[in-house]
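Enquirer: Below are the structure tokens for one structure; questions will follow.
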Amino acid sequence: MNKIAIVGAGSMAEAFISGIVENDLIDKKNIWITNNSNKERLSNLHGRYGVNSTYDLNELFDGADIVVLAMKPKDAASAINQIREHLTEQMLVISVLAGVSMYAIETLAKKPLSIVRAMPNTSATVGKSATAVAVNTRVSEDQIKKTEKLFGTVGLTTFVEEEQLDAVTGLSGSGPAYIYYLIEAMENSAVEVGLEKQMAQELIVQTLIGAAEMVKKSTKTSEQLRLDVTSPGGTTEAGIKILEEKGVQEAFLACIKAATAQSKKMGDALCSQLAAEQPS
Numbered sequence: 026m027n028k029i030a031i032v033g034a035g036s037m038a039e040a041f042i043s044g045i046v047e048n049d050l051i052d053k054k055n056i057w058i059t060n061n062s063n064k065e066r067l068s069n070l071h072g073r074y075g076v077n078s079t080y081d082l083n084e085l086f087d088g089a090d091i092v093v094l095a096m097k098p099k100d101a102a103s104a105i106n107q108i109r110e111h112l113t114e115q116m117l118v119i120s121v122l123a124g125v126s127m128y129a130i131e132t133l134a135k136k137p138l139s140i141v142r143a144m145p146n147t148s149a150t151v152g153k154s155a156t157a158v159a160v161n162t163r164v165s166e167d168q169i170k171k172t173e174k175l176f177g178t179v180g181l182t183t184f185v186e187e188e189q190l191d192a193v194t195g196l197s198g199s200g201p202a203y204i205y206y207l208i209e210a211m212e213n214s215a216v217e218v219g220l221e222k223q224m225a226q227e228l229i230v231q232t233l234i235g236a237a238e239m240v241k242k243s244t245k246t247s248e249q250l251r252l253d254v255t256s257p258g259g260t261t262e263a264g265i266k267i268l269e270e271k272g273v274q275e276a277f278l279a280c281i282k283a284a285t286a287q288s289k290k291m292g293d294a295l296c297s298q299l300a301a302e303q304p305s
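Each position in the sequence shown, counted from 1, maps to that position plus 25 in this note's numbering.
Okay, here's the thing in structure tokens:
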């Protein structure tokens with residue numbers, strides 16, 4: 026990797042920068058970043074990681090072999106319109122924009138591009154993202170290796186077909202928020218039964234870490250692991266019965282389906298907009 030140009034300076038962009046710098050994947054002087062107008066944010070990233078920032082697009086893209094699109098999805102059209110003359114077929118364009126298809130990116134850029142579309146999650150900030158990646162046919166083997174190295178700095182990487190990314194978005198892309206919601210509920214419950222919130226949080230977090238490690242390392246299914254600790258007439262069974270009565274599994278199913286549908290809806294809306302704008 027010679028130079029990485031990152032368009033967008035939010036939390037995901039920072040997660041990448043942190044992972045790249047911490048793993049010495051590329052000299053931090055060869056990481057360049059820009060955003061729409063927040064100079065203070067760029068200054069903060071420069072001070073924290075030693076990366077370069079600029080609003081001069083010629084300077085940003087000069088010599089870049091990797092371009093990361095990390096702006097908000099709603100800003101994708103305007104941002105790509107602004108930078109498209111700087112994008113070349115030799116560059117690897119990596120998009121972390123939820124719901125924005127490769128077709129949409131190429132249509133906005135008005136040229137064929139080597140595109141990687143990825144769905145990381147916010148756990149990339151601590152190097153624990155579960156990232157699904159799809160590539161188009163123009164991406165070379167060398168570019169795939171670069172992609173693996175880049176996303177390897179922020180967690181686990183799995184390659185999928187692009188049509189699976191909406192489901193990935195609904196599952197692991199939005200997944201951390203579901204877990205935070207669960208932790209929030211468990212914290213509130215702990216207080217209700219007389220525990221101090223800080224102590225409860227420590228117990229809850231370690232319980233989640235332990236359970237996740239069990240699922241990761243055990244040859245048993247998650248269902249069997251649950252049954253193993255659910256003794257007849259015991260405390261776990263009493264709790265599980267309430268979860269079943271409240272339809273918690275059904276709620277999670279509906280939750281993930283809704284997030285998946287929203288991702289697809291966002292993508293379809295942008296594609297429809299682009300199709301309408303094309304000359305007849």
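Glycine included, C-beta positions come from ideal geometry on N, C-alpha and C.
Along the chain, where does the alpha helix (DSSP H) that runs through Arg251 open and close?
Expert: Run containing Arg251: Ser247 to Asp253, per the alpha helix (DSSP H) assignment.
Enquirer: Where does Gly177 sit, in a helix, a strand or coil, going by DSSP?
Expert: Three-state result, Gly177: helix.
Enquirer: Looking at the structure shown, is Ala34 part of a helix, part of a strand, or coil, going by DSSP?
Expert: Coil.
Enquirer: For Leu94 and Ala263, I'd like the C-alpha separation in whole angstroms.
Expert: Cα to Cα, the separation comes out at about 48 Å.
Enquirer: Ser126 by DSSP, collapsed to three states: which one?
Expert: Correct three-state label for Ser126: coil.
Enquirer: Assuming Leu268 is part of the alpha helix (DSSP H), what are its boundary residues?
Expert: Segment Thr260 to Glu270, the alpha helix (DSSP H) holding Leu268.
Enquirer: Inspect the beta-carbon positions of Ile208 and Ile229 and report whether they are closer than 8 Å.
Expert: Their beta carbons are under 8 Å apart, which means Ile208 touches Ile229 by this criterion.
Enquirer: Just to confirm the assignment, what range does the alpha helix (DSSP H) spanning Ile51 have?
Expert: Taken as a continuous stretch (DSSP letters only), Ile51 belongs to no alpha helix (DSSP H), as it is neither H nor E.
Enquirer: Given that a residue counts as buried once 16 or more other Cβ atoms are within 10 Å of its Cβ, and exposed if not, what is Arg73?
Expert: So Arg73 ends up on the exposed side.
Enquirer: With Gly195 and Ala155 assumed to form a contact (beta carbons below 8 Å), what rounded beta-carbon distance in angstroms separates them?
Expert: The pair is not a contact, with the Cβ atoms about 13 Å apart (cut-off 8 Å).
Enquirer: Judging by CA-CA distance, which residue of Ile105, Ile91, Ala134 and Ser214 is the nearest neighbour of Asp167?
Expert: Of the candidates Ile105, Ile91, Ala134 and Ser214, the one whose C-alpha sits nearest the C-alpha of Asp167 is Ile91.
Enquirer: Who are Ile58's beta bridge partners in DSSP?
Expert: Ile31 and Ser78, per the DSSP bridge assignment.
Enquirer: Is it the case that the Cβ atoms of Gly292 and Gly33 are separated by a distance below 8 Å?
Expert: Taking 8 Å as the Cβ cut-off, Gly292 and Gly33 do not qualify as a contacting pair.
Enquirer: If contact is defined by three or more beta carbon pairs under 8 Å, each pair taking one atom from either stretch, is the segment 130 to 142 in contact with the segment 109 to 118?
Expert: Enough Cβ pairs lie closer than 8 Å, so yes.
Enquirer: Measuring only the C-alpha atoms, how far is Val254 from Glu248?
Expert: Roughly 10 Å between the two C-alpha positions.
Enquirer: In whole angstroms, what is the alpha-carbon distance linking Gly35 and Pro145?
Expert: Those two C-alpha atoms are separated by around 13 Å.
Enquirer: Where does the unbroken beta strand (DSSP E) through Leu94 begin, and where does it stop?
Expert: Run containing Leu94: Ile91 to Leu94, per the beta strand (DSSP E) assignment.
Enquirer: How big is the Cα-Cα spacing for Ala237 and Ala157?
Expert: Computed Cα separation, rounded: 19 Å.
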